[in-house]
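Undergrad: Residue numbers (the UniProt record's numbering), protein chains in the order written: chain A, 1 to 317; chain B, 1 to 317.
Protein chains: 2
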Amino acid sequence: MEFFNKVGKAALGSRLRLMTAAITDDASKIYELYGVEFVPKWFPVFYTLAEEREITITEIALEIGHSQPSVSKIMRELIAAGLVEEIEKADDKRKNNIILTPKGVAISQVFKHQLQDIDVAIEEMILQSKHNLWAALEEWEFLLSQKSLLKRVSEQKKKRESKDVEITAYKPQYKQAFKELNVEWISKYFEMEEADYKALDNPEDYILNKGGKILVALYDNEPVGVCALIKMNDSEYDFEMAKMAVSPKAQGKNIGYLLGKEILKTAKEMGAKKVYLESNTILKPAINLYYKLGFEKVFGLSTPYKRCNIQMELIIE
Amino acid sequence: MEFFNKVGKAALGSRLRLMTAAITDDASKIYELYGVEFVPKWFPVFYTLAEEREITITEIALEIGHSQPSVSKIMRELIAAGLVEEIEKADDKRKNNIILTPKGVAISQVFKHQLQDIDVAIEEMILQSKHNLWAALEEWEFLLSQKSLLKRVSEQKKKRESKDVEITAYKPQYKQAFKELNVEWISKYFEMEEADYKALDNPEDYILNKGGKILVALYDNEPVGVCALIKMNDSEYDFEMAKMAVSPKAQGKNIGYLLGKEILKTAKEMGAKKVYLESNTILKPAINLYYKLGFEKVFGLSTPYKRCNIQMELIIE
DNA sequence: TACATTTACATAACTAGTTATATAATTAAT
DNA sequence: ATTAATTATATAACTAGTTATGTAAATGTA
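#1: Taking the C-alpha atoms as reference points, what is the distance between G65/A and T101/A?
#2: State the CB to CB distance for the pair I255/A and V165/A, rounded to an integer number of angstroms; the pair is presumed to be in contact (CB under 8 Å).
#3: Per DSSP, what kind of secondary structure is A136/A in: helix, strand or coil?
#4: Quick one: what does DSSP say N254/A is sitting in, helix, strand or coil?
#5: Mapping DSSP to helix, strand and coil, what is A50/A?
#6: Hey, does V120/A have any beta-carbon neighbour from chain B nearer than 8 Å?
#7: Is there a Cβ of chain B sitting closer than 8 Å to that of M75/A, yes or no?
#8: By the three-class DSSP mapping on this structure, what secondary structure does M75/B have?
#9: In angstroms, rounded to a whole number, what distance separates the CA positions of Q173/A and K213/A?
#10: What's the C-alpha gap between S14/A and K147/B?
#11: In three-state terms, what does DSSP make of I310/B?
#12: Between the Cα of V39/B and those of E77/B, V224/B and I126/B, spot the shortest distance and give me the residue it belongs to.
#13: Using the three-state DSSP reduction, which class does N96/B fall into: helix, strand or coil?
#14: Between which two residues does the beta strand (DSSP E) holding Y219/A run?
#15: Using CA coordinates, which residue listed in P223/A, F190/A and Y219/A is at the minimum distance from E180/A?
#16: Would you identify the three-state DSSP class for F239/A, choosing helix, strand or coil?
#17: Taking contact to mean 3 or more Cβ pairs, one atom from each stretch, closer than 8 Å, check whether the segment 274-287 of chain A and the segment 300-315 of chain A are in contact.
#18: Alpha carbon to alpha carbon, how far is K157/A from L12/A?
#19: Any beta-carbon of chain A closer than 8 Å to the one on Q156/B?
#20: Can you tell me which of R152/A, T24/A and F295/A puts its alpha carbon nearest to the alpha carbon of Q128/B?
#21: Does any CB atom of chain B fall closer than 8 Å to the CB of F46/A?
#22: Measure the beta-carbon distance from V84/B to G104/B and round it to whole angstroms, keeping in mind my assumption that it falls under 8 Å.
#23: Does the beta carbon of D164/A come closer than 8 Å to any beta carbon on chain B?
#24: Count Cβ pairs between the segment 130-140 of chain A and the segment 126-146 of chain B that sit closer than 8 Å; are there 3 or more?
#25: Considering only the beta carbon of each residue, do S70/A and A61/A sit closer than 8 Å?
#26: According to a CB-to-CB cut-off of less than 8 Å, which residues of the segment 132-145 of chain B neighbour chain A?
#27: Please confirm if L115/A has its CB atom under 8 Å from at least one CB of chain B.
#28: Starting from the C-beta of G35/B, find all residues in its chain whose C-beta is less than 8 Å away, skip the five residues before and the five after it, and write them out in chain order.
#29: Which residues in chain A have a C-beta closer than 7 Å to the C-beta of K9/B? List them in chain order.
#30: M270/A by DSSP, collapsed to three states: which one?
#31: Would you call Q176/B buried or exposed, if buried means 16 or more other Cβ atoms sit within 10 Å of its Cβ?
#32: Which chain A residues sit within Cβ distance under 7 Å of I23/B?
#33: Which residues bound the beta strand (DSSP E) around T24/B?
#34: Short of 8 Å in beta carbon distance, which residues of its chain neighbour I55/B, apart from the five on each side in sequence? Order them along the chain.
#35: Report the option in F3/B, S28/B, Y170/B and L200/B whose CA atom is closest to the CA atom of E59/A.
In structure tokens form, the structure reads like this:
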């Protein structure tokens, strides 16, 4: 299958599906070989039933990793085939009490040999191969239970995309973006306040000329994120990190983190000892980001913003 | 999943199916992550189409290892989704000439990144694991193409069962079996002849007392196969191997081979230099067995049996 | 004790594939 | 130039699973 090599690892699913189909096809021929009238899909259910006498349909489903309706259907097929039967029992009437018929017991005897033969045959394949498929499946089941493929891919996506993000200093051409990106989220969650208009309409006067800084994140040369570092003259803090905004279109590219890191680096270069910020706890991803950047909660400072209900600081080491 | 460990390698199929389901589930979420409206099952078809512009449905099916109807269905779904379209072309009217729409081209651009991210994510899993699932699948595809699982299991079955077969010397209690097993196949394919009745009704007089031997194969202590070594006084051969019969119920346990090997060993012990046999070419499995035992075709000896149309000999080294 | 919740199972409708078979277009053979 | 065989695709019916949902029995709780 040329295809697999061309597509690369992303074809893992397809490759697995084909291998599964090949094995399942042979499985039904193997039952024929042993002269038992048996459908491969019955096997996990039948086997579990033969091993553990008292077991409910739901428990079987859990044990073999199928859904309950699947086991339910198979069970009725097994009954129709005369391999198992329901027995009357006075206890819990929701459960169906199922045991093997003599015919079922006979088949389970044949299976003992059959399973042994398959085991040896597969064991031999494992010996003949450099890469142990059985062990690999076991290992990958574990790896995927630790962290799903989705999560792994998503992390990789973020990593790759953040490489394409460029953090650059504010230039007059980004004035509009600086305002729009901020208005976008502020007016979505709260209401624009007097202090917002001042800073967003005149970043030069209110931020830059007072010794502050503004950074812009570019993606494909488009400004998609902004963040300001504002000088706080009459406070115990040197700077306030504020007006951080990332376009919803560019979310999931780690842009907030990259902007924050760069702002803190700038603060350090400018000799800051402590950086302050204000936010609101309904902005959960933002708060998480601040923690990730190293900010910690502080209490009781005055603020001009109504929307502020949490204040944080970071001490630069 | 306790189940897999209890059942052993025979659960390979089930284990593969679950892994496939887990990967496929995540696959559809991954498409969501990249913001493309795309169903995972479309992928192999769409990808092949994006790579090779001029390709028929049947060729795609072959390339990706699906059935033609499966590709046919997916193709119509892709058309309905506006990702590909049929174009008019004057050549072969059975083929449908399909190309990507602009929307399809856009999605195939997104896929370039997506595939790369998945590749890296899976590559990382491979690095984290001791057993390389991707390499194992590739290797097992090859191993199974060389010899199917069915064939491997069938060989193992034969091997195991032949261990339970006991080859023993003729005793009077096997007289009936000696006759019945032979009558069974002779009358099925040919007609019983005078010479048959003589040997089968009086093995003591016609075989044993003349310096011959009869061996019996027992399975579960039941006689299921017989074979005679008859002294040939007035011939260039020392012995004839004859009256070999195996019960149809006990076929596939290598019994013919075991009987033949043991008969030849006996012949050698008795000082034979050449062993002779007669048969008929319609009995293909038997002829194959004789070749396997080392017999070779010879011509032009006289025979009392009408059914004989092939004569063979083996020179004992 | 009555009512809400949970449990055990069944049923229906869907999914992603399959095989078997039909049909139209093309190619090969007489 | 027919006719037969082959090729390319479509369609129908099936398979082995799934999710969503319904129902009766058992359990928990005010």
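We put the beta carbon where it would ideally sit given N, CA and C, even for glycine. Remember, predicted model here, so these are calculated numbers, not experimental data.
TA: Reading from the atomic positions:
#1: 25 Å
#2: 6 Å
#3: helix
#4: Coil at N254/A, not helix or strand.
#5: helix
#6: Chain B, which has a Cβ nearer than 8 Å to the Cβ of V120/A, makes this yes.
#7: no
#8: helix
#9: 15 Å
#10: 22 Å
#11: Of the three classes helix, strand and coil, the one that applies to I310/B here is strand, per DSSP.
#12: E77/B
#13: coil
#14: Where Y219/A is concerned, the enclosing beta strand (DSSP E) stretches over K213 to Y219.
#15: P223/A
#16: strand
#17: yes
#18: When rounded, the distance between both Cα atoms is 18 Å.
#19: yes
#20: The candidate whose alpha carbon is nearest that of Q128/B is R152/A.
#21: no
#22: 5 Å
#23: no
#24: yes
#25: Yes.
#26: N132, L133, W134, A135, A136, L137, E138, E139, W140, E141, L143 and L144
#27: So yes, L115/A belongs to the interface.
#28: V110
#29: I118, D119, I122, E123 and W134
#30: coil
#31: It counts as exposed.
#32: L12, G13, L16 and L149
#33: Note, T24/B: premise wrong, no beta strand (DSSP E); alpha helix (DSSP H) at L12 to L33.
#34: Within the same chain, I55/B has close Cβ partners T48, L49 and E63.
#35: F3/B is the residue among F3/B, S28/B, Y170/B and L200/B whose C-alpha sits nearest the C-alpha of E59/A.
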